[in-house]
Amino acid sequence: MPIQPLLDAETAARNMAEKAPRYTPQEALIEANRCLFCFDAPCIMACPTGIDIPSFIKKIANKNPVASARTILTANVLGASCARVCPTDVLCEAACVVLDLEGDPVKIGRLQRYATDYVFEHHIDVLHAPAEKNGKKVAVLGAGPAGLGCAAELAQLGYEVTVFDKKKAGGGLNTYGIAYYKMRPQISLDEVKMIEGLGVKFRYGVEIGKDISVADLEKNCDAIFLGLGLGGANRLGIPGEDLPEVVDALEFIEWIRTRPLHEVPVGRRVAVLGCGNTAIDAVTQSKRLGAEVATIIYRRGEDDMPAYEFEYELAKNDGATFHFHTIPTEVLSENGHVKALRLARTEVRDGKMHVVPGSGWIEEFDLVLKAVGQEKQTAVLTKLFHGLKLDAKGRVEHNPETMATAIAKVFVGGDCANGGREVVNAVAEGKKAARGINAMLTKQKVAGPVQPSRHGSKDGATGSGFNHPIRVPELLAAMAQ
Amino acid sequence: MADLSINFAGIKSPNPFWIASGPPSNTAYQSHRAFEAGWGGVVWKTIGDPIVNVASRYSALNLGGQRMVGFNNIELISDRSPETNFREIKEVKDRWPNHAVIASLMVDTRERWHEFVKRSADCGADGIELNFGCPHGMCERGMGSAVGQNPDVAETIVGWVMEAAEIPVIVKLTPNITNVVYAARAAKRAGADAISLINTINSITNVNLDTLTPEPYVRGLSSHGGYCGPAVKPIALNMVQSCAADPEVNLPISGIGGIGNWRDAAEFIALGSLSLQVCTAVMHYGFRIVEDMNEGLSDYLDSKGYKSVAEFSGAAVKSLSDWKYLDLHYKRVARIDYDKCIGCNLCYIACEDGAHQCIDLVDSAPHGLGPGRVPGKPVPEVREEDCVGCNLCSIVCPVDDCITMVEIETGRDKMSWDDYQTRLARGEMEPLPAHP
Chain A
-18 MPIQPLLDAE TAARNMAEKA PRYTPQEALI EANRCLFCFD APCIMACPTG IDIPSFIKKI
42 ANKNPVASAR TILTANVLGA SCARVCPTDV LCEAACVVLD LEGDPVKIGR LQRYATDYVF
102 EHHIDVLHAP AEKNGKKVAV LGAGPAGLGC AAELAQLGYE VTVFDKKKAG GGLNTYGIAY
162 YKMRPQISLD EVKMIEGLGV KFRYGVEIGK DISVADLEKN CDAIFLGLGL GGANRLGIPG
222 EDLPEVVDAL EFIEWIRTRP LHEVPVGRRV AVLGCGNTAI DAVTQSKRLG AEVATIIYRR
282 GEDDMPAYEF EYELAKNDGA TFHFHTIPTE VLSENGHVKA LRLARTEVRD GKMHVVPGSG
342 WIEEFDLVLK AVGQEKQTAV LTKLFHGLKL DAKGRVEHNP ETMATAIAKV FVGGDCANGG
402 REVVNAVAEG KKAARGINAM LTKQKVAGPV QPSRHGSKDG ATGSGFNHPI RVPELLAAMA
462 Q
Chain B
9 MADLSINFAG IKSPNPFWIA SGPPSNTAYQ SHRAFEAGWG GVVWKTIGDP IVNVASRYSA
69 LNLGGQRMVG FNNIELISDR SPETNFREIK EVKDRWPNHA VIASLMVDTR ERWHEFVKRS
129 ADCGADGIEL NFGCPHGMCE RGMGSAVGQN PDVAETIVGW VMEAAEIPVI VKLTPNITNV
189 VYAARAAKRA GADAISLINT INSITNVNLD TLTPEPYVRG LSSHGGYCGP AVKPIALNMV
249 QSCAADPEVN LPISGIGGIG NWRDAAEFIA LGSLSLQVCT AVMHYGFRIV EDMNEGLSDY
309 LDSKGYKSVA EFSGAAVKSL SDWKYLDLHY KRVARIDYDK CIGCNLCYIA CEDGAHQCID
369 LVDSAPHGLG PGRVPGKPVP EVREEDCVGC NLCSIVCPVD DCITMVEIET GRDKMSWDDY
429 QTRLARGEME PLPAHP
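So the protein sequences, as listed, match chains A and B. Heads up: the first sequence runs through residues -18 to 462, numbered per our numbering. Heads up: the second sequence runs through residues 9 to 444, numbered per our numbering.
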């Protein structure tokens, strides 16, 4: 049976309501007043874009959300989406000293949302590009978080920037690939609009190498930024993989973000292959859109899953089920549609994973979502850009400070450089690349971020996460070993 | 169980907690409710020739999300007729014979004072409080703080009152004065039985940055109000202690100013109060707060072995002296407990920018990680040899008992500024080197 939408509009909307709604002004004030205004605060060290968190919170406490948003967006142009999608539990909020004082950190993400929502809702521009351009042109390939981070920074430095993307709208995964209950697509589109307001031009529906040649770009531009992200889902390599109801989890999420919720087809019994954060997004949203059963199928154990703990909890609370140490060996069909999965147990022997012989069983599913990682754009990248060097994992090699690649004038950032990390990392890398481009073209470096709440610290800007982001849980785990 | 009852200049009260003259003591209805809740006395809202009030009347200072840290009012004395007020006082006294009801009065001429003093006694009030403190409205008409700010005038008027008084007279002092002790002495000279302080402090709590008119707003204007609430407690304690320590004053003191719980009350008593008056906290939370006050004060007195409020009264008065008697050779330094330090570094920046640059940010390794400090992030460390012992770091530290001020034995004998000057004059020592 082909899959179809299961819920009416009202139920779907209720189920997909925002996980963390906007604070009221009073809630924001109470929460902001919990911040101690640390000197040289650890939360800044944990923010890859180095937002001056104590300063922006102080500005909320002092009832100036516009100034607060200015602080946020100056450091991180996608501060509104990061406020919603950042894993704050392992980043800024994990470093918050109030966590240790009260057992509950200052809700930095939600405060950041409060301030940025304010300027978007009131149509207040807090970022500005110089009236006179510097006459230099940069092409940004990919309108995702890395490309936007790069474009916005360059525009503010006076560059003429054109962003190319094959999609119909900008924002990349922020627009197309985030769980709906975390962030509405409109937020991402508003951010793109804000960056357009800085004079950045966007050209959509353009595929590099097809609609426009790299040679043309190289001829017409002073620098090129690659923010192409990752490719489609990895192949499973099992029979039945090409049936219509075997879908890339990110594509399923894109359906949710581009169609009315009650028109999104979903299976009654959904299998999600993989156990990363995208898998969690897929399994929870399947449940919320009416699936009776939504099961994560993961070849390793509970302790090995790449998903964050808070995401795992969310999925369990939503009624998702989990098959650990399980692997699909075949997708079974009936009349050309997915009917079931043949599954088998896995075990680790001699450090290698094996299918347990004779452990196979069949379980009925009508939708299979693949969240087993995305392909690298290895072929595309090397074909388009001769001389580009990739590492063993398919990531574009680059200078970590300037994001310069092996090719002169070509810079990189985001998932195609880091192999797939957070939105906030992509924005930071895009911004670093912009500064690298500027340094190359002007022979001058942009001064590092100076955060007022760190004013007077002996190590200048080095404590900022923009230069050396830390993850406190990982540091502690490393120390414990 | 300690005895909470007091005899305040002849006014008997089952406990030291009185409702201060103000909106909560406006009516018999409220007084009944106050006594039902456990208050020991009520100082009636000031009775005088009828006035007319405005709308609005109050405003507040909020701080860090905390409401009513300070409170401000431009309400005048009772807007009810003297007849109504005196009749209701009688009604309250009839029902609560063992509780204290004190008539607060404010009139102008000698004759009027005589008349109101007599009417107070006639209705059964246990005492009289003279409102020489109200800093708004009435002072423009030569009453309230206009009297309290001029000790000679105050002395004259207290004199008029004493001519007619048959019940104890308390003079309520204004803090809007250079040295409150002079006003207290004037009351004493004129024969007053007791003093109460402080009345409210002249204030403007805030300006509305959209309308540019402060609250309380009255058709395009505001007016200077009287400030009270938790924020004024330190000022009140200072003035209470000053009067308690002055040998010329030597009068029972009713402490007022920011009292909201038993701890505040105990501090006022320790610095020389015998009765306590509360208004703002009741305006915030209602009469019910007295339950914890009575219980807390009783528990405290028991825990310290005091048998009565009177025995405890003034216990801390002598712990204050003029600066010149403080020991210049006493040393204490800040010490950080790294098992408690969360790494906010507020102590560092406070000392660095706001005090004496005696805290360094150092490698955290020798101090371990402590609760949630970020690995590799520098931690504060006090250079004890340079620490002047100012307390600032321990004040800004958000963690209880994380920074303590530790006494350091210097091996030097006590030497006050007075001693120092004497020894210098005698040529017994060289001048101390100036701080670098």
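No residue lacks a Cβ here, since even glycine has one placed at the ideal position from N, Cα and C.
Fill in: Where the stretch -11 to 18 of chain A meets chain B: residues whose CB sits under 7 Å from a CB there
Leu10, Ile11, Asn14 and Leu17
Discussion item. Using the three-state DSSP reduction, which class does A:Gly255 fall into: helix, strand or coil?
Written reply: coil
Worksheet item: Excluding five sequence neighbours on each side, which residues of the same chain lie with their C-beta closer than 7 Å to the C-beta of A:Ser169?
Response: Ser62, Gly152, Asn155 and Thr156
Practice prompt. Taking a Cβ distance cut-off of 8 Å, strictly less, list which residues of the stretch 356 to 367 of chain B are near chain A, in chain order.
Written response: Tyr356, Ile357, Glu360 and Asp361
Worksheet item: Relative to the C-alpha of B:Ile14, which residue among B:Phe94, B:Ala108, B:Glu148 and B:Gln365 is closest?
Response: B:Ala108
Discussion item. Can you pull the chain B neighbours of A:Pro23, defined as C-beta to C-beta under 7 Å?
Written reply: Gly351, Val382 and Lys385
Discussion item. Measuring CB atoms only, is the stretch 372 to 392 of chain A touching the stretch 413 to 428 of chain A, in the sense that at least three cross pairs come out at less than 8 Å?
Written reply: yes
Worksheet item: Three-state secondary structure (DSSP) at B:Ser21?
Response: strand
Worksheet entry | Range covered by the alpha helix (DSSP H) that runs through A:Met(-3) | Where A:Met(-3) is concerned, there is no enclosing alpha helix (DSSP H), given that its DSSP letter is neither H nor E.
Worksheet entry | Enclosing beta strand (DSSP E) for A:Ala325 [first to last residue] | His318 to Arg330
Discussion item. With three or more beta-carbon pairs closer than 8 Å as the criterion, would you say the stretch 26 to 44 of chain A touches the stretch 302 to 320 of chain B?
Written reply: no
Practice prompt. Under 8 Å between beta-carbons, which chain A residues line up against B:Leu84? List them in chain order, please.
Written response: Per Cβ cutoff of 8 Å: no residues; B:Leu84 is ~33 Å from chain A at best.
Discussion item. Quick check on DSSP: helix, strand or coil for B:Gly150?
Written reply: coil
Worksheet item: Between which two residues does the beta strand (DSSP E) containing B:Gly234 stretch?
Response: Gly233 to Cys236
Worksheet entry | Distance CB(A:Met26)-CB(B:Lys332) smaller than 8 Å | no
Worksheet item: Which whole-angstrom value describes the C-beta separation of A:Pro86 and A:Leu80, a residue pair presumed to lie in contact below a C-beta threshold of 8 Å?
Response: 4 Å
Item to complete: Decide if B:Asn61 is buried, meaning its Cβ has at least 16 other Cβ atoms within 10 Å, or exposed.
Response: exposed
Worksheet item: Below 8 Å between beta carbons: does that hold for A:Pro29 and A:Val405?
Response: yes
Worksheet item: Whose C-beta lies closer than 6 Å to the C-beta of B:Tyr356 among residues of the same chain, with five residues either side of it excluded?
Response: Ile367, Leu369 and Pro388
Worksheet item: Quick one: complete alpha helix (DSSP H) runs, 4+ long, within the stretch 179 to 227 of chain A?
Response: 195 to 201
Worksheet item: By a C-beta neighbour count over all protein chains shown, 10 Å radius and 16 as the cutoff for buried, is B:Leu432 buried or exposed?
Response: exposed
Worksheet entry | Reference A:Val119; option with closest CA among A:Leu108, A:Glu232 and A:Gln137 | A:Gln137
Worksheet item: So, do the stretch 319 to 336 of chain B and the stretch 267 to 287 of chain B have three or more beta carbon pairs nearer to each other than 8 Å?
Response: yes
Practice prompt. List the residues that DSSP assigns as beta-bridge partners of B:Ile55.
Written response: B:Leu113
Discussion item. Tell me the rounded alpha-carbon separation between B:Ala363 and B:Asp427.
Written reply: 27 Å
Worksheet item: Bridge partners of A:Thr307, per DSSP?
Response: A:Arg326
Worksheet item: So which residues on chain A does B:Val407 lean against when the C-beta distance must stay under 8 Å?
Response: Leu82
Practice prompt. Confirm, please, whether the CB-CB distance from B:Ile19 to B:Trp47 is below 8 Å.
Written response: no
Discussion item. Report the CB separation of A:Cys397 from A:Gln358 in whole angstroms; it is logged as a contact under 8 Å.
Written reply: 6 Å
Worksheet item: Any idea what DSSP makes of A:Ile159, helix, strand or coil?
Response: coil
Worksheet item: Whose CA, out of B:Asn81, B:Lys53, B:Gln74 and B:Gly73, lies closest to the CA of B:Ala111?
Response: B:Lys53
Fill in: CB contact below 8 Å: B:Leu284 versus chain A
no
Worksheet entry | Extent of the continuous alpha helix (DSSP H) to which B:Arg41 belongs | Ala36 to Ala45
Item to complete: In angstroms with no decimal places, state the Cα-to-Cα distance between A:His304 and A:Phe101.
Response: 42 Å
Item to complete: Report yes or no: is there a C-beta of chain B within less than 8 Å of the C-beta of A:Val47?
Response: no
Worksheet item: Comparing alpha-carbon positions, which option in B:Asn184, B:Ser306 and B:Ile59 lies nearest B:Ile85?
Response: B:Ile59
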